[in-house]
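Below: one structure, written as structure tokens.
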Amino acid sequence: MSTFERVEPRVRFPELEARILAFWREADVFRRSLELRAGAPEWVFYEGPPTANGKPGIHHVEPRTFKDVYPRFKTMTGHLVRRKAGWDCHGLPVELEIEKEIGTSGKRDIEAFGIAAFNARCRESVQRYVGDFERLTERIGFWIDLSEAYWTMSTDYIESVWWSLKRLHQRGLLVEADKVTAYCPRCGTALSDAEVALGYRVVEDPSVYVRFPIVESPDPSLVGGSLLVWTTTPWTLPANTGVAVAPDEPYVQVRRAHEALVLARSRLQQTLGEGWTIERTLPGSAIVGTRYEPPYANVEGAHRVVAADFVSMEEGTGLVHLAPAFGALDLEVGRREGWPVVKPVGDDGAFTEEGPPFVRGLFVKDADPKIVDDLRKRGRLVRAEAYEHSYPFCWRCATPLLYYARTSWYVLTTRIKDRLLEVNEEVNWYPEHIKHGRYGNWLENNVDWALSRDRYWGTPLPIWRCPAGHDTAVGSLRELGELAGRDLGDLDPHRPAIDEVRIRCPFEGCGAEASRLPPVIDAWYDSGAMPFAQWGYHPELGRGIEEFERSFPADFISEAIDQTRGWFYTLMAEGVLHFDSTAYRNVVCLGHIVDRDGRKMSKSLGNVIDPFDVLDRQGADALRWFLLTSGSPWSSRRVSLEVFDEIVRRFLLTLWNVYAFFVTYAIADGFDPEATPPPPLEERPVLDRWIWSELQLTVAEARERLEAYDATAAGRRIERFVDDLSNWYVRRSRRRFWNPGGEPSPDALAAFHTLHGCLVTVAALLAPFTPFIAEELWRNLAAGRSGHPDSVHLADYPEPDPAAIDPALGTAMAEVRRIVELGRRVRVETRIRTRQPLRAAVVDRPAGSAGLAALVDLIAEELNVKAVRFADRASIGRWRAKPNYRALGPRLGARVQALARALADDDGSIAGRLAAGETVAVTVGDGAVELAPSDVELTREVGVGWGCGERGRPRRGARPRDRRDPRA
RNA sequence: GGGCCUGUAGCUCAGCUCGGUUAGAGCGCUUCCCUGAUAAGGAAGAGGUCGAUGGUUCAAGUCCAUCCAGGCCCA
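Reading the first sequence from the start, the letters are residues 603 to 1570 in the working numbering.
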């Protein structure tokens, strides 16, 4: 009966991981890891809900790995870390997926299909994709409670969101306003700024210069001429109500033949070119008040020139066409001037009856050429050309967006901007520059949050309006039932059921029938509400209060960098709006995973790596280890399937080999860690004390780096330890494990205990990073022994033993390894194989320095020499000195270069005296410099008759070898 | 157009906070060694205008400025 299970030297990690997953399931380890910490201080983690739309890609594994490593670490250091999964269910992406499925295009089609049927499909789609995400989550070993996940489409969640919206409405922070927003005529909805930003493309649009004939002016000499107006959206000309000028810029009236035009002086050359005479120059303010004949007659009382501060002198003519329906600035000016909003375009983006007859029914962009033709025919066109610029398109359906005055609901986040900035100061960002860089800038430029969406699959805006215009915000189904006079407890709060609920307007003395306003809300609001809504938090219903208060704000969140404008913002905004607090204290902000050419992974490029390909081939540990330790987590990282092979070979197999080596010989020698007590550390051989000291340093650094949210540095330190363990400790100790048959000797016992202890500690160190292989090692080496729990994930994270740290030994061993490396090189260079024993190796170091004496056996064994001698310095070669720039630079300034030349010319006499510890005066230029030994770095040149390896700064130590009598 | 990040060997990346004169690692490639961890291990070699230019400095991969390229975010 063996103490340890035999270990297959050939390991298939995906199969191993399947076994571990089964163990975790059967032994219920995740739940027990929480129970173990019941009553411990909580460390709060929030899961940013993935949008359950589309299959998960490898870029979903990255945040999920970081969301796993820190909670696991914190659990192992004695915290209770509850982990509630979540799914983002609503939103346009889900709708578009269904539109594709059922072959609809646009809102009319959806309504014909039926909102009830459409939303049912959306719900099914979400559930289907959540299944894929759950499978991935489990497979990568991301421990999170999937059974208790919050779904943003659940009734409790929606009611919680309603509660928050009702409060905003009561506080006057949720308002309806006419604003110009980017609007997709195909999807039939306004887009958020973030969505708009997704779809900029460089396109060619017409650039037209149009005459606006002047009919009346404060300066009568202008009458008879025309304003020269520039636009790249001819289709907006039918909505023109005014022209803006820069009041302080000089404008000119120019003439050629019978034509007189007015434009900015600085734009003349580029727009009209040669052949025009300047008749007069006047400031923009002198043109203000001028009336003109609009390109298309529409309303009375407008069509004037006004002053504005946004008129550019970089392009155009300095005379800006204003169409309040189609531009934010235009609308602002129009309001100020009292102009009506001319809106000749319908929600579908086509001209209505209010447009000129020849474009009615045409999509606006298709109307451009017709309008240009019409202007030309009517003699209004001065010039038309193609103009290349970037223009936003719908990020989902590629329809050109229109800027469009529409009624929308807004959360007045500009009112809390200062508080957001304050609260941001309390947050630790990793990397730090995001705080005042990308994220801070975003907060500085805060605009009100356009919350409503004229769509179907989303949290319905809970506002009911009666014919008298009274708006009532409703906070729950119970409240809605009371207002409607019937029990609505079982109602699905989604459209269309909710649309059918009519209430009696509760306004004083009104009582008219009120119906819900049609919009749903931005899905980003849903996810930003998760700190409270995940618990169905609802003070009025007495629900989720304790859970929320216990877990707000979060200690830790982590997502990719694109969330600065997404979840990082909505989470914080809602934290401040509802609770006047940040929603999180530490954020790990990750870079993107890109393909081998540095391109973003996207379905359309076909460069997406399916995470299951990696998981089936190299396994979850390899994938996780790559994400955690390779490159910098905050910069984008290139991946290909091959990079994971390297992880397996370089790290996982190295560790596995050590593990398999240990188990093989432990079984062969009958080693049982419990049967024989470990020898006291001070009685173990120096190599054991060295690796044990390194282990303590590794433990200390891993803990420190993980506390600082730097899993990358922690992981790299562990990897270096494993390399030391494999390629130096085991390499040098191998023979100590060979005791076939007999009882292990005391030396073998020390080796077995040391290696066993290292492997058990490494398993615990690695548990948060590579939970599968860590568990495998633990299960075989530690579980059930010495009171260890049956899973590494129920263990405490290792603590360093400061008493075992021996810095001098570490330095000496590093020196020994360098000496050995040099010795091996000498053997190669002199072509004397290592299997050929030699009489001596001579090391050019003072004997006994840095504790080397204790380690000479290692050198001798490794190099296969009978003795290691330390050199009689004078006997070998001569000394050379180089300036120690760090010391001499500040003292000598430019003369340091002359000194360097002097030392280069030295025949060894100066350097020799310095090496002997003397202070030497060296002539440099016109003066002398006193050099102390510490002012130079000394190296050796070695004479003939020696095989020699040399290592330069900062550690001298030329290492010559005697080759005069090679045969021993 | 603006903000932030990135640019170091064929590939993936350290080093840049705090400047020090021969810029490192792993992988890949070539040659060789080892053969009781062997789908391992060791040594050597080739391979770099540290994105470009200018500046500060005795000294710049590192600091400053400008520019170029890529990414993300915002217009």
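Where is the CB? At the ideal position from N, CA and C, for every residue including glycine.
Asked: Determine contact between the region 897 to 905 and the region 840 to 849, defined as no fewer than three beta-carbon pairs at a distance below 8 angstroms.; Found: yes
Asked: Restricting to Cα atoms, I'd like to know which of THR739, TRP1051, ARG1334 and GLU1151 is closest to ASP670.; Found: THR739
Asked: Tell me which residues share the same chain as PHE744 and place their Cβ nearer than 6 angstroms to its Cβ, disregarding the 5 neighbours each side in the sequence.; Found: ARG666 and ASP670
Asked: Please confirm if the region 919 to 928 is in contact with the region 817 to 837, defined as three or more CB-CB distances below 8 angstroms between the two stretches.; Found: yes
Asked: Please list, in chain order, all residues of the same chain as ARG1488 whose beta carbon is under 7 angstroms from its beta carbon, the five residues on each side excluded.; Found: none
Asked: Count the other CB atoms within 10 Å of the CB of PHE1323; is the residue buried (16 or more) or exposed (fewer)?; Found: buried
Asked: Using CA atoms only, rank isn't needed, just tell me which of VAL810, ARG882 and ALA888 is closest to VAL847.; Found: ALA888
Asked: Whose C-beta lies closer than 7 angstroms to the C-beta of TYR648 among residues of the same chain, with five residues either side of it excluded?; Found: MET1132, PRO1133, ALA1156, ILE1159 and TYR1186
Asked: Residue ranges of each beta strand (DSSP E) run of no fewer than 3 residues wholly in the region 608 to 655, ordered along the chain?; Found: none
Asked: At which residue ranges does the region 1484 to 1509 contain complete beta strand (DSSP E) runs of 3 or more residues, listed in the order of the chain?; Found: none
Asked: Would you kindly check if the distance between the Cβ of ARG725 and the Cβ of MET755 is under 9 angstroms?; Found: yes
Asked: Per DSSP, what kind of secondary structure is GLU750 in: helix, strand or coil?; Found: strand
Asked: Sorted by chain position, which residues of the same chain lie with C-beta nearer than 6 angstroms to GLY918's C-beta, five sequence neighbours on each side aside?; Found: TRP832
Asked: In chain order, what residues of the same chain lie with their CB nearer than 7 angstroms to the CB of ALA1352, ignoring the 5 residues before and after it?; Found: PRO1281, ARG1286, PRO1287 and ASP1290
Asked: How about ASP1124 and GLY1077: do their beta carbons lie closer than 9 angstroms?; Found: no
Asked: What's the gap between the Cα of GLY1146 and the Cα of VAL732?; Found: 24 angstroms
Asked: Comparing alpha-carbon positions, which option in ILE880, HIS860 and HIS1140 lies nearest ARG867?; Found: ILE880
Asked: Judging by CA-CA distance, which residue of HIS1180, VAL1332, SER762 and CYS1191 is the nearest neighbour of PRO1235?; Found: CYS1191
Asked: Mind checking whether PHE1371 and THR1231 have CB atoms under 9 angstroms apart?; Found: yes
Asked: Excluding the 5 residues preceding and the 5 following ARG982 in the sequence, name in chain order all residues of the same chain whose CB lies nearer than 7 angstroms to its CB.; Found: VAL812, ARG813 and PRO897
Asked: Quick check: the region 1085 to 1099 against the region 1028 to 1037, are at least 3 beta-carbon pairs closer than 8 angstroms?; Found: no
Asked: Using 9 angstroms as the threshold, is the C-beta distance between PRO1485 and GLU1539 below it?; Found: yes
Asked: Would ALA1302 and PRO1402 qualify as a contact pair, given that the criterion is a beta-carbon distance under 9 angstroms?; Found: yes
Asked: What does DSSP give as the partner residue(s) for ALA784 in the beta ladder?; Found: TYR1005
Asked: If you count every other CB in all the chains shown that lies within 10 Å of the CB of LYS1202, and 16 or more means buried, which is it?; Found: exposed
Asked: In its own chain, which residues sit with a C-beta less than 6 angstroms from the C-beta of ARG1067, not counting the 5 before and 5 after it?; Found: ASP1073, ALA1116 and LEU1119
Asked: Please report the residue range of the beta strand (DSSP E) in which ALA969 lies.; Found: That residue, ALA969, is in no beta strand (DSSP E); its alpha helix (DSSP H) goes 966 to 979.
Asked: Only counting the same chain, and skipping five residues up and downstream in sequence, which positions put a Cβ closer than 7 angstroms to that of PRO1069?; Found: ALA1114
Asked: With 16 other CB atoms within 10 Å as the buried threshold, where does LYS768 fall?; Found: buried
Asked: Round the Cβ separation of THR1016 and ASP1050 to the nearest angstrom and send it over; I've been treating them as touching at under 8 angstroms.; Found: 5 angstroms
Asked: Taking only three categories from DSSP, how would you classify HIS991?; Found: strand
Asked: Are the beta-carbon atoms of VAL1122 and HIS692 separated by less than 9 angstroms?; Found: yes
Asked: When the Cα atoms are used, what is the spatial distance from ASP734 to VAL663?; Found: 13 angstroms
Asked: So what does DSSP say about GLU807, is it helix, strand or coil?; Found: The question names Glu, but residue 807 is Asp in the sequence shown. It is a strand residue.
Asked: For the beta strand (DSSP E) that contains ILE1159, what are its first and last residues?; Found: 1159 to 1162
Asked: Contact between the region 1236 to 1251 and the region 1318 to 1335 is defined here as three or more beta-carbon pairs at a separation below 8 angstroms; is this criterion met?; Found: no
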